[in-house]
Amino acid sequence: MGAAPQQISPDQRVADFRKIFSRAESEVARVIVGHREVVRKMLTALFCGGHILIEGVPGLGKTLMVKAASETLGLSFKRIQFTPDLMPSDIIGTQVLTEAEGHREFQFKEGPIFAHMVLGDEINRATPKTQSAVLEAMEEHQVTVFGTTYVLDPPYIVLATQNPIELEGTYPLPEAQMDRFIFKVVMGSPKPDELREILSRTTGTAQNKIQPLFEPSDAPRAIEDLKALVREVMVAEPLERYIISVIGGCTPGGPGTLPEVSQYLRFGPSPRGAQALILCAKVNALLAGRVSVSYDDIDDAIIPCLRHRLLLNFQAEAESVTAESILEQVIKRLKKPRT
512 MGAAPQQISP
522 DQRVADFRKI
532 FSRAESEVAR
542 VIVGHREVVR
552 KMLTALFCGG
562 HILIEGVPGL
572 GKTLMVKAAS
582 ETLGLSFKRI
592 QFTPDLMPSD
602 IIGTQVLTEA
612 EGHREFQFKE
622 GPIFAHMVLG
632 DEINRATPKT
642 QSAVLEAMEE
652 HQVTVFGTTY
662 VLDPPYIVLA
672 TQNPIELEGT
682 YPLPEAQMDR
692 FIFKVVMGSP
702 KPDELREILS
712 RTTGTAQNKI
722 QPLFEPSDAP
732 RAIEDLKALV
742 REVMVAEPLE
752 RYIISVIGGC
762 TPGGPGTLPE
772 VSQYLRFGPS
782 PRGAQALILC
792 AKVNALLAGR
802 VSVSYDDIDD
812 AIIPCLRHRL
822 LLNFQAEAES
832 VTAESILEQV
842 IKRLKKPRT
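Note that the numbering used here gives residue 817 to position 306 of the sequence shown, counting from 1, and the numbers run on in steps of one.
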């Protein structure tokens, strides 16, 4: 009889997760200078099974960063350039009339949404009808064309970008679609030393090649195993209550609502915000070598998870109050024990 398969200990699984995550960050850093927090949140979103909205001016390397991550992990990558004349069928795909062996039939031609990592570049340039074409894919990991459902292969993540300085010819994402992004991260301009490194890498002869962590055939299963490990991280009851208090504190009229929230917000986060906090905190715990979530893990996730889920009112806009400033007050005001 053959030997029974050796069981991997929990400590070894956590160590493997940290190693793979760290190597992925290092490989992406071969081509992307700076933006370490954005890269970390992008990888965190992938292992959480969520999607991410990246906001930044053109030329910061958003597309290159996503492409580098897909090459690093051995996952397929497709890019969609959103424009006002883009149609839903240009994204999802459509039925094409083909002729074979003397008879004609309709065959489904897949659109660019069929990939493991899909970059929706300048998503706010497309019309609401086209933007909504990705909702089913983001939420249910499937698309429906002429009554037929096509399942998207896991892992699946949509990484959308938008330009914050150009408003003409754009269509703001509706709240229902914003809520489907687990994170919203903001890419800032590079610092002087980072810009110097960018110029050195991009105007010289040196080429930094990425070393994939997985073979394309093995990557989906490996990523799914890591996503399953994230779900196994424990969250103690006091920390669940803390997350609930954060959501309540950010909801006008909710339990424990802060004065700033009632003054400046129209609506607070949905239950998806609480789910995002827990999943991100679990990844943070694994990266710290723990199998249980801490308060600091949650605090680190509050702003990127909730900043796009708070709807400001006219008074907040008039007084230049931001969602980030309100969330910072929530973190300061809510009391929790420190260990």
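Ideal placement from N, C-alpha and C gives every residue a C-beta, glycine not left out. Fair warning: this is a prediction, and the values are worked out from it, not measured in the lab.
Nearest-angstrom Cα distance between residue 786 and residue 659?
-> 30 Å
Going straight from the alpha carbon of residue 686 to that of residue 829, what length do you get?
-> 21 Å
Cβ neighbour criterion (16 or more within 10 Å) applied to residue 745 = exposed
How is residue 514 classed by DSSP in three states: helix, strand or coil?
-> Note that residue 514 has pLDDT 49, beneath the 50 cutoff, so the model's placement of it is unreliable and no number is given.
Taking only runs of the alpha helix (DSSP H) that begin and end inside the region 532-594, which ones reach a length of at least 4 residues, in chain order?
-> Taking 4 residues as the minimum length, the alpha helix (DSSP H) runs contained wholly in the region 532-594 are 547-559 and 573-584, in order along the chain.
Exposure of residue 799, with buried meaning 16 or more beta-carbon neighbours within 10 Å = exposed
In this structure, does DSSP put residue 631 in helix, strand or coil?
-> Strand at residue 631.
Which same chain residues, not among the five before or five after residue 586, have their C-beta less than 6 Å away from its C-beta?
-> Cβ within range, chain order: 627, 628 and 730.
Cα separation between residue 544 and residue 831?
-> 31 Å
Indicate whether residue 571 and residue 698 have their beta-carbon atoms separated by less than 8 Å.
-> With respect to the 8 Å criterion, residue 571 and residue 698 are classified as neighbours on the basis of their beta carbons.
Counting along the chain, where does the beta strand (DSSP E) carrying residue 611 start and finish?
-> 604-611
So, helix, strand or coil for residue 698, using DSSP?
-> coil
At what residues does the alpha helix (DSSP H) containing residue 793 begin and finish?
-> 782-798
Separation of residue 624 from residue 534, as counted between CA atoms | As the crow flies, the alpha-carbon of residue 534 is around 27 Å from that of residue 624.
The region 720-729 / the region 810-819 touching (three or more Cβ pairs under 8 Å) | no
Pick from 531, 542, 568 and 532: whose alpha carbon is nearest that of residue 700?
-> 568
Using beta-carbon positions only, say whether residue 554 and residue 580 come within less than 8 Å of one another.
-> Yes.
Kindly list the residues whose CB is nearer than 7 Å to the CB of residue 621, restricted to its own chain and excluding five residues on each side of it in sequence; keep chain order.
-> 604
Taking the DSSP output, what are the residues bridged to residue 655?
-> 660
Residue 526 (DSSP reduced to helix, strand or coil) = helix
List the whole-angstrom C-beta distance separating residue 695 from residue 819, where the pair is believed to meet the contact cut-off of C-beta under 8 Å.
-> 4 Å
Should the region 657-677 be regarded as contacting the region 546-560, the criterion being three or more beta carbon pairs within less than 8 Å?
-> yes
Where residue 850 and residue 758 are concerned, what is the direct C-alpha to C-alpha distance, given to the nearest angstrom?
-> Note that residue 850 scores 48 on pLDDT, short of 50, meaning its location in the model is unreliable; the coordinates nonetheless yield the value given after this. Residue 850 and residue 758 have their C-alpha atoms spaced approximately 23 Å apart.
Does the beta carbon of residue 518 sit closer than 8 Å to a beta carbon anywhere in chain E?
-> Judged by its chain identifiers, the structure shown contains no chain E, having just a single protein chain.
Which whole-angstrom value is the C-beta distance of residue 837 and residue 821, which I expect to be below 8 Å?
-> 6 Å
Can you tell which of 769, 845 and 693 has its C-alpha closest to the C-alpha of residue 750?
-> 845
Which word fits residue 552, buried or exposed, when buried means at least 16 other C-beta atoms lie within 10 angstroms of its C-beta?
-> buried
Just mark residue 538 as buried or exposed, buried being the case when its beta carbon has 16 or more other beta carbons within 10 Å.
-> So residue 538 ends up on the buried side.
When the distance is taken between beta carbons, is residue 692 closer than 8 Å to residue 656?
-> No.
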